[in-house]
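Some notes on the structure that comes next.
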Amino acid sequence: MRTIRSIPLLLLLFAFLRPEPVDACGYMAYSDHAGEPRPALDALLSGDRLPLLSPGWHSEYWVIAWARTKGKTFDAAERAAFGDDGSWLHLHASDGLRPALDAWASARQGHGARTAGRIDPWRRGPSYSHRLVCGPDAFLTAAETLTDRQARQTPAELRAWIEAQDQVFARCADVNVQVPDPLPDTASQLARFDRDYQIAAATTYGEEPAAAEPLFAAIAQTRSPWADIARYRVGYLRVKRGLGTAEDLRDRLQQTRSGKARRGLVQLLDQVVLFAGRQPADIVEALSERLRTESIGGDLPRVLRDIVHFAKRVPPDSCVSGLVSLITGNEACRGEDTTLAELRGIGRVIPPIPSPPRLSGRLLEINRRFHAGRHALAEGRMAEARREAQALLAASRDSNAATRNAASALALATARNRAEVLQHVFRWQATTDPQGNTTGRVRGALHADGRAAVARLSMAQWRQLMGRAPDALEDQLAVEGLTRATILGEMDEARRFARGIVGSAADDADGLPQALRPLLRVSDDALRFGVTLALLEHDPGDLSISDELRHQWDHSQGSGCGFGSCGDDHPDQTPVSILDGAAELPISDERRQIERKGRRINAIGDLVLALAQAHPADPRTPEMLHRFVARTRRASLHYATDARTGVLSRRAFVLLHQRFPDDPWTGRTSYWYR
Amino acid sequence: MDWPNELLVPLSLALLAACSQPAAPAPEPEVPERTAPAEATLWVWHGATDLRGLAEASEGRVGVAYLARTVIIRRGGLFVRPRRSPLHLDEATRRSAVVRIEVEPDVSADAVDVDALIAEIAPVLEDRASGLQIDFDAPASFRASYAELLRGLKERLPEGWVLEMTALGSWCLQDRWLAEVPVDRVVPMLFGPGHERELTFAALREGPLPEARCRASHGIREGQRTPRMPDRLYLFPSDGPWTVERAMAALDAQRS
């Protein structure tokens, strides 16, 4: 595994040590969706073997896995009970509302009915609470019915039906809306059946169960297409009023043919017979037995939800079932049944995904992508990890720097060639014009892994990296190299970098190349003085205050807690770092020296003060001191300072004012900064 | 003239400091230290909450900002979850309704219908409250729509209501865009993702937050202490719904 994790780092090194592009990772086919928020249901329900199990899945999926280990074979009716979008879990009753409301609005259009008001399925309760009165099913049923009636009713009947239905839905939020009137006997039988049901439904929404029950009971006695559902409704209202009995519900079940109504009645039976007055552990036992031994058909999702619901309500000290421990994660109360540990032996279980607090949908998606990519990488599934990395890069394009860095770190770990390595190490953004010329810039500094990897490069390797980089990136790397070498006093290196900068610039280029041009043939000491002044004056990329490779407050991960919270609340949360192997490579001597110099602005300050002391008679010394003090202000505005920065700023300020009181640069230096 | 003894030491120190420091030292003015906020507000999120007695216990200084509804922007449209659990308050307790907006990852900013968003938020304006707070960690590409939404809400706000928005810590530091946002108050949430929280706290220890609109109010989590006490402090519960006792203990901890 360590070898796999080291591959990206090796890629990085090969990227500039070898001239040819690297494509060493190859492709590993892997079919399961482990690490996703939900599994591939086909594999889980009926695959030859269980897929990798992820604690990130909802517990209902684990119950399916448990049932498989108990020999359960899910039949076609059970498999058909699940959609392919995970919505069967109905984690929020309101989740299905929007598509249902849209379906109703769409079906309602074009029939000439009066404009309806906005439907609010929720009703205000006391004390700022709300209650969902009209669920998605109500709107979907209405939409389906309307579609059906178009071919069977006159336009006038259809308009009347729609307007009555508007009254029904208006009562979801407001009980004061009038119930639709009954139709006269002259209306068609189907229209009257429909209207009777609309009246009963509107009465139910008015929270008048005692009044609604006989209305539904009357419908159940007719040949109305609503008879089955009315039979269920009566059962529901009786249970709600505390009058429901198992015998009554069984009778109703026997008379009912509609699958939807039957599922409702079975659920009511469970409430009356199975749930009432029983302990949660017993309920889990009974339901899991049913799951294991019966074909549950379309009711399967509900049974799974109920198992999970009650398992979570089993007191910790009364665990009797391994299924309960599987759902609650409490392995201490392991029963004789299958446990998490046993399932681990069947399909490998991916370690839990940390759940940072208050993640919205978008952040949750990013978090899942990141962890899924990490898991895939850890498993050696490079193609999948790469897919996750690319999706993460896209999903996090609006995110903060820490998240984008994490995406880059993952992308680096899955990079396939030198260009990608460079792109993700530096978060380098390339732009290609119509003529095919590529330009670009470094977007921020490095993420933790890129920083760790590049920080270990020697100066010679650094130059080689430059040689492989695109031109625009090379320019920035050259300035960084020049800055480093000057700080370290490696003037041969500095001269090479300076030559490179001058050589790659146009002859009439101003700015830094112009300032460096006369310095190429001077002594080392003069070169160091001149370069320091030139960097302070021109400072492309603010490299005098922020080392492109160092921790920068808004461009790197700080403590490494890019995802969710860490620090005080979550001290155990790991930094966003993929490449453990980076730590195995020796850090270069030059880099170690740079680290010892501390913050970039402080290292420059030490150099400036030393040069000013050594060259008091140089006419450029006041300018250098002034420019350094000015840079400390810029550094303070960018939070790139520490306590020592203020000390150095003040020293330069005092030196300038004491030694050169009449110099024009002194007159322009009114403040020092901390 | 004789100087009173109690002034001699501070004056001498001030003189010494002025002499030894040749120029104005800091680019930013200091904010006077405050030991307690002038006003505190409890964020009340999910779960049944009973804060009757809070007005008396806090002598009317503590208000409530309750999650009134969540609006989720999905590709399929707007999904609304109104508050489902009851909240019991004293008559005298100041209260603001919070609307949390979330956006799913596959939604493009172009697809946001601001009028539809306003329509989904509008029912909250019928609540018995005196403020509306929008809690939206808006991605960069959504900020134009967000500003438009706030403008629309500002126009519809009942008389006497204030419009507030929460802010990520980064919006108060480097990622600044709040200057022109049409709200009465900005409440930075200093308990956000750890990385951001550390940066914001570090900035606060250094001085006032760079974004001027982030200085008057701070939101922190119960158990945290803000390095710099603002005029208005917002507290998010660390675990489960608030009780009066826990709320008062959390506020006392800020003063100690």
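Residue numbers (our numbering), protein chains in the order written: chain R, 475 to 1148; chain D, 947 to 1202. Idealized CB from N, CA, C, for every residue including glycine.
Proximal residues to residue i (C-beta, below 8 angstroms), its chain only, five neighbours per side dropped
i: R:S698; result: F667, D670, Y671, A704
i: R:T1006; result: T960, I1078, L1081, V1082, L1085, M1098
i: D:P1104; result: L1071
i: D:G1106; result: S1076
i: R:V996; result: G1004
i: D:L1145; result: G1115, S1116, L1119
Same chain, Cβ closer than 6 angstroms to residue i, neighbours up to 5 away in sequence not counted
i: R:D1046; result: Here the model assigns R:D1046 a pLDDT of 28, short of 50, so the residue's position is not dependable, and the following value carries that caveat. Correct list: empty, nothing qualifies.
i: R:L620; result: A581
i: D:I1018; result: F1025, E1048
i: D:T1172; result: H1164, I1166
i: D:M1249; result: The requested residue 1249 of chain D is not part of the displayed model; chain D covers only 947 to 1202.
i: R:R860; result: T888
i: R:A574; result: P610, F613, L614
i: R:G974; result: A952
i: D:A970; result: Below a pLDDT of 50, predicted positions are generally treated as unreliable, and D:A970, at 32, falls in that range; no measurement from the model is reported.
i: R:G716; result: none
i: D:G1169; result: S1184
i: D:E1050; result: R1020
Short Cβ contact (8 angstroms threshold) for residue i with residue j
i: D:M1053; j: D:R1097; result: Here the sequence assigns Val to residue 1053 of chain D, which means Met is not the residue at that position. Not in contact: D:V1053 and D:R1097 (Cβ atoms no closer than 8 angstroms).
i: R:E862; j: R:A850; result: yes
i: D:R1167; j: D:F1182; result: yes
i: R:L774; j: R:E631; result: no
i: R:P627; j: R:A665; result: In the sequence as presented, Pro is not what sits at residue 627 of chain R; that position holds Gln. Yes.
i: R:P595; j: R:L614; result: no
i: D:V1044; j: D:A1011; result: yes
i: D:P1134; j: D:A1113; result: yes
i: R:L474; j: R:V777; result: This structure cannot speak to residue 474 of chain R, because chain R is shown only from 475 to 1148.
i: D:P1156; j: D:L1119; result: yes
i: R:A674; j: R:F690; result: yes
i: D:F1088; j: D:A1055; result: yes
i: R:F971; j: R:G955; result: yes
i: R:A968; j: R:L1001; result: yes
i: D:T1039; j: D:R1027; result: no
Beta-carbon proximity list for residue i, same chain, < 7 angstroms, skipping 5 on both sides
i: D:A964; result: With a pLDDT of 28 at D:A964, under the threshold of 50, the modelled position of this residue cannot be trusted; read the value that follows with caution. Within the same chain, D:A964 has no close Cβ partners at all.
i: R:L742; result: G709, Y710, V713, G718, L723
i: R:A865; result: R843
i: R:D702; result: T730, R731, S732, A735
i: R:D549; result: S769
Contact set between residue i and chain R, taken where Cβ atoms lie within less than 7 angstroms
i: D:H1164; result: In chain order: nothing, as chain R lies at least about 16 angstroms away.
i: D:A1158; result: Those within 7 angstroms of D:A1158 in chain R number zero; the least Cβ separation is about 15 angstroms.
i: D:D1073; result: Y602
Chain-ordered chain D contacts of residue i [CB-CB under 9 angstroms]
i: R:E858; result: Within 9 angstroms Cβ-Cβ: nothing; R:E858 doesn't reach chain D, min ~19 angstroms.
i: R:A869; result: P1051, D1052
i: R:R592; result: A1065
i: R:E839; result: E1050, P1051, D1052
Contacts of residue i in chain R (Cβ-Cβ under 8 angstroms)
i: D:G1022; result: R572, P573, D576
i: D:A1196; result: None at all; the shortest Cβ gap to chain R is about 16 angstroms.
i: D:L1014; result: Position check: residue 1014 of chain D holds Ala in this sequence, whereas Leu was assumed. Neighbours of D:A1014 on chain R, chain order: Y602.
Closer than 7 angstroms at the beta carbon, the chain D residues around residue i
i: R:S601; result: P1032, L1033, H1034
i: R:H604; result: P1028, R1029, R1030
i: R:W531; result: In chain order: nothing, as chain D lies at least about 19 angstroms away.
i: R:W1139; result: The contacting residues do not exist; R:W1139 stays about 15 angstroms from chain D at best.
Proximal chain D residues relative to residue i, where beta-carbon distance stays under 8 angstroms
i: R:I1075; result: Going along chain D, no residue has its Cβ under 8 angstroms from R:I1075, so there is no contact; the nearest lies around 15 angstroms.
i: R:D569; result: F1025
Heavy atom of the ligand SAM within 7 angstroms of residue i beta-carbon
i: R:A1077; result: The ligand content of the structure shown is nil, which means the ligand SAM is not present either.
Problem set entry | Residues, ordered as in the chain, of the stretch 643-670 of chain R that lie near chain C by beta-carbon distance below 8 angstroms | Annotation note: the requested chain C is absent from the structure, which comprises protein chains R and D.
Problem set entry | Continuous alpha helix (DSSP H) assignments of at least 4 residues falling wholly in the stretch 938-1007 of chain R | 945-962, 965-978, 986-990
For this session: Inspect the CB distances between the stretch 983-999 of chain D and the stretch 537-549 of chain R and report whether three or more fall short of 8 angstroms.
Result: Touching, no.
For this session: At 3 residues or longer, and completely inside the stretch 571-644 of chain R: list those beta strand (DSSP E) runs for me, N to C.
Result: List check, beta strand (DSSP E) in window: 596-598, 604-606.
Exercise. Whole alpha helix (DSSP H) runs in the stretch 689-749 of chain R with 4 or more residues, listed along the chain?
Worked result: Complete alpha helix (DSSP H) runs here, min 4: 701-714, 720-729, 733-743.
Exercise. How about the stretch 597-605 of chain R and the stretch 1031-1051 of chain D: do they share at least three Cβ pairs that are nearer than 8 angstroms?
Worked result: Touching, per the Cβ criterion.
For this session: Return the chain-ordered ranges of every beta strand (DSSP E) run that is complete within the stretch 1069-1124 of chain D and spans a minimum of 3 residues.
Result: The stretch 1069-1124 of chain D is shown to contain whole beta strand (DSSP E) runs of 3 or more residues at 1077-1082, 1108-1114, in chain order.
For this session: Starting from the N-terminal side, write out each stretch of the beta strand (DSSP E) that is 3 residues or longer and does not extend beyond the stretch 970-1052 of chain D.
Result: 985-990, 1008-1020, 1023-1028, 1041-1049
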